[in-house]
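Peer 1: Its first residue numbered 17, the sequence shown is counted upward by one per residue in this note's numbering.
C-beta: ideal position from N, C-alpha, C; glycine also.
Note that the coordinates shown come from a computational prediction; the quantities given were computed from them, not determined experimentally.
Starting off with a structure, shown below.
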Amino acid sequence: MSKQIESADLQFKKMTETSVGKLVSSLAVPTIISMMVSMIYNATDTYFVSKISVPASGATGIVFTLMGIIQACGFTFGHGAGSNISRQLGGKDFESASKYCSTAFFAALVTGILFSVFGLTFLEPFMRLIGSTETILPYSKIYGKFVLYAAPAFVTSCVLNNILRYEGMAQLAMIGLTTGGILNIVLDPILIFKANMGIAGAGLATTVSQYISMGILLSVFILGKTQSKISFKCISFKPRVIINIVTTGIPSFARQSLNSVSTMVLNISARPYGDACIAAMSIVAKCSMLIFSTGVGIGQGFQPVSSFNYGAGKYGRVRKAIWFTLKFSLAVVIVLSSVMFIFAPQVISLFRSEAEILEIGTAALRYLCIAMTIFPFAMIANMTFQSVGKAGRAFFLACAQNGLFYIPFIVIFNKFFGIKGIEIAQPVSYLMASLISVPFVIAFTKQLKKKDEEQSPIRYNDTDYAADEKN
């Protein structure tokens with residue numbers, strides 16, 4: 017028990033005394049690597065499946081919607097539990113942290129099983145609902161079936177990964193996620209081509225890698241490496257615990273589910289223009305993930321710093337972390353977006369070389385690169401409020417980009433501008449979401465500054481603050 021207390025004290029010191037820039041960066045790097053591997057895995061899936069046929073390539077975009085819906089539930093439990101756990105650990109309440117951890121994990125496991133059962137029962141109508149054409153349907157059914165087999169692993173991995181991140185153990189989360197992602201990349205060509213399984217091989221690779229990734233992440237908790245524990249006896253049915261998980265996690269559900277709905281609406285809107293348009297927009301989505309994942313990875317390195325220090329009452333560090341992360345992510349995203357803009361045709365041609373796909377994909381990717389240069393404003397705003405438990409503001413901002421802007425813009429712009437409208441809908445939504453996020457961030461940082469000034473003589477060590485400012 018003394019070792020556990022000593023480990024907890026060391027972690028508390030690390031999260032509350034290490035200079036903010038160094039801490040955010042150290043937690044962001046493993047997360048970025050994890051997201052890069054996941055992004056490369058998604059791109060690899062798209063690349064190898066695209067070699068089968070254009071309809072098969074389109075199926076990856078359709079099934080990506082299904083993955084997003086499943087992961088939306090995982091992120092709900094993961095972010096909902098993680099934010100609460102981090103704040104509880106900041107206040108040194110280890111018992112409550114374990115209650116949030118266990119409750120979220122087992123709720124996610126049950127949810128994943130239900131996804132598998134109902135999804136497999138209604139597979140074909142669901143594939144049609146999310147945008148499959150008659151030519152894409154046979155491929156999306158095969159691929160979607162394997163994704164549904166992996167649903168319990170998808171959901172629980174999201175929970176385990178986010179709890180590890182929020183505890184400040186991003187390196188261990190990285191090992192679990194990257195191992196599964198690399199395995200998937202290796203298995204794809206073997207199963208698709210060597211074993212002559214076609215798109216079923218891509219699906220099987222996904223299923224196997226997801227369960228192995230889940231097993232590695234779960235082993236970290238079983239071996240007692242974490243401060244929060246997974247145990248049946250720690251499951252809580254108290255309304256307060258469940259409500260806190262759901263309300264804190266609901267912005268993630270809104271963000272992920274609306275992203276899936278927007279992809280579905282995009283596929284349906286693109287359907288009249290043929291499989292080439294669906295395939296092009298699917299490729300653009302995968303390519304833009306390089307930029308998006310890097311920015312989100314930086315933001316996810318910030319979240320445990322924000323939530324832990326908010327729980328510990330160190331508001332000055334939270335404020336400093338917000339501005340550091342915003343500047344850092346803006347610099348990185350601007351560089352990546354500029355490179356992607358310049359080489360957009362070459363990037364699209366890596367997947368398909370048909371003239372129509374190349375034309376649509378290049379234009380859409382370049383529009384998106386321009387808009388993504390300011391998306392860190394929306395990202396940091398949303399992540400800030402979710403990490404400190406401000407569920408209302410986090411929910412509104414999570415809904416803004418896709419719900420308030422992107423989905424209506426797809427329908428409206430498609431009606432008036434055709435394919436061009438489909439290409440510009442998402443970039444315009446990024447711009448609008450970023451613009452409305454700025455006032456929220458400014459107002460909250462002012463509140464943090466006021467709180468810090470009110471209690472810094474009691475709760476914040478002046479020497480630490482001076483050292484932090486120096487760093």
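#1: Buried or exposed: which applies to P71, given that a residue is buried once 16 or more other Cβ atoms fall within 10 Å of its Cβ?
#2: Who are the Cβ neighbours of S99 in its own chain at under 7 Å, not counting the five residues just before and after it?
#3: Excluding five sequence neighbours on each side, which residues of the same chain lie with their C-beta closer than 7 Å to the C-beta of S132?
#4: How long is the line joining the alpha carbons of I179 and R256, rounded to whole angstroms?
#5: What does the alpha-carbon distance come out to for the pair C303 and M52?
#6: Since A394 and S450 should fall inside the 8 Å C-beta cutoff, what is the C-beta to C-beta distance between them, to a whole number of angstroms?
#7: According to DSSP, is V404 helix, strand or coil?
#8: Run through the region 353–404 for me and flag every whole alpha helix (DSSP H) of 4 or more residues, listed as ranges in chain order.
#9: Please report the distance separating the alpha-carbon of A379 from that of Q442.
#10: Kindly list the residues whose CB is nearer than 6 Å to the CB of F91, restricted to its own chain and excluding five residues on each side of it in sequence; keep chain order.
#11: How is I474 classed by DSSP in three states: helix, strand or coil?
#12: Would the beta-carbon of C385 fall within 8 Å of that of F357?
#13: When you compare only the Cα positions, how much space is there between S229 and L239?
#14: Nearest-angstrom Cα distance between S276 and L145?
#15: Do I246 and F237 have their CB atoms nearer than 8 Å?
#16: What does the Cβ neighbour count give for A292, buried or exposed, with the cut at 16 atoms within 10 Å?
#17: Looking at M55 and M305, is the spacing between their C-beta atoms short of 8 Å?
#18: Using only CA atoms, which one of P392, F134 and N177 lies nearest to L43?
#19: Quick one: grab the DSSP three-state call for N275.
#20: Report buried or exposed for S285, applying the criterion of at least 16 other Cβ atoms within 10 angstroms of its Cβ.
#21: If you draw a straight line from the alpha carbon of S354 to that of A295, how long is it in whole angstroms?
#22: Indicate whether at least one CB of chain D lies closer than 8 Å to the CB of V363.
Peer 2: Reading off the structure:
#1: Here residue 71 refers to the residue found at position 55 of the sequence shown. Answer is buried; the Cβ neighbour count reaches 16.
#2: For this step, residue 99 is matched to residue 83 along the sequence shown. For S99, where only same-chain residues beyond five positions count, the Cβ hits under 7 Å are Y182, T264, S323, Q402, S403 and G405.
#3: Within the sequence shown, numbered from 1, the residue matching residue 132 stands at position 116. Counting only Cβ-Cβ distances below 7 Å, and skipping sequence neighbours, we find L164, Y165, A167 and P168.
#4: As a first step, residue 179 is located in the sequence shown; it is residue number 163 there, counting from the start. As a first step, residue 256 is located in the sequence shown; it is residue number 240 there, counting from the start. Taking the straight line from one Cα to the other gives about 19 Å.
#5: Locating residue 303 in the sequence shown gives position 287, counting from the first residue. Locating residue 52 in the sequence shown gives position 36, counting from the first residue. Their Cα atoms are separated by approximately 11 Å.
#6: Against the sequence shown, residue 394 aligns to sequence position 378. Against the sequence shown, residue 450 aligns to sequence position 434. So it is a contact: roughly 5 Å between Cβ atoms.
#7: Taking the sequence shown and counting its residues from 1, the one referred to as residue 404 is at position 388. Three-state result, V404: coil.
#8: 360–365, 371–388 and 391–403
#9: Position 363 of the sequence shown, counting from 1, holds the residue named residue 379. Position 426 of the sequence shown, counting from 1, holds the residue named residue 442. Approximately 12 Å, taken between the alpha carbons.
#10: Along the sequence shown, one-based indexing puts residue 91 at 75. Correct list, in chain order: C174, S268 and Q272.
#11: Residue mapping note: residue 474 aligns to position 458 of the sequence shown, counting from 1. Residue confidence is low: I474 scores 45 on pLDDT, short of 50, so the model does not pin down where it sits. No coordinate-derived value is stated.
#12: As a working note, residue 385 is residue 369 in the sequence shown. As a working note, residue 357 is residue 341 in the sequence shown. Contact: yes.
#13: Residue 229 sits at position 213 when you count from the first residue of the sequence shown. Residue 239 sits at position 223 when you count from the first residue of the sequence shown. If I take the Cα positions, the gap works out to 16 Å.
#14: Locating residue 276 in the sequence shown gives position 260, counting from the first residue. Locating residue 145 in the sequence shown gives position 129, counting from the first residue. Cα-Cα distance, rounded: 12 Å.
#15: Taking the sequence shown and counting its residues from 1, one reaches residue 246 at position 230. Taking the sequence shown and counting its residues from 1, one reaches residue 237 at position 221. Yes, they are a contact pair.
#16: In the sequence shown, the residue the question calls residue 292 occupies position 276. The residue is buried, with at least 16 neighbouring Cβ atoms inside 10 Å.
#17: As a first step, residue 305 must be located in the sequence shown, where it is residue number 289. As a first step, residue 55 must be located in the sequence shown, where it is residue number 39. Cβ distance < 8 Å, so M305 and M55 count as in contact.
#18: Taking the sequence shown and counting its residues from 1, one reaches residue 43 at position 27. The residue with the shortest Cα to Cα distance from L43 is N177.
#19: As a working mapping, residue 275 is identified with position 259 in the sequence shown. Helix, per DSSP.
#20: On the sequence shown, position 269 is the one that residue 285 refers to. Answer is buried; the Cβ neighbour count reaches 16.
#21: Translated into positions along the sequence shown, residue 354 becomes position 338. Translated into positions along the sequence shown, residue 295 becomes position 279. S354 and A295: Cα-Cα distance of roughly 24 Å.
#22: Among the protein chains of the structure shown there is no chain D, as only one such chain exists.
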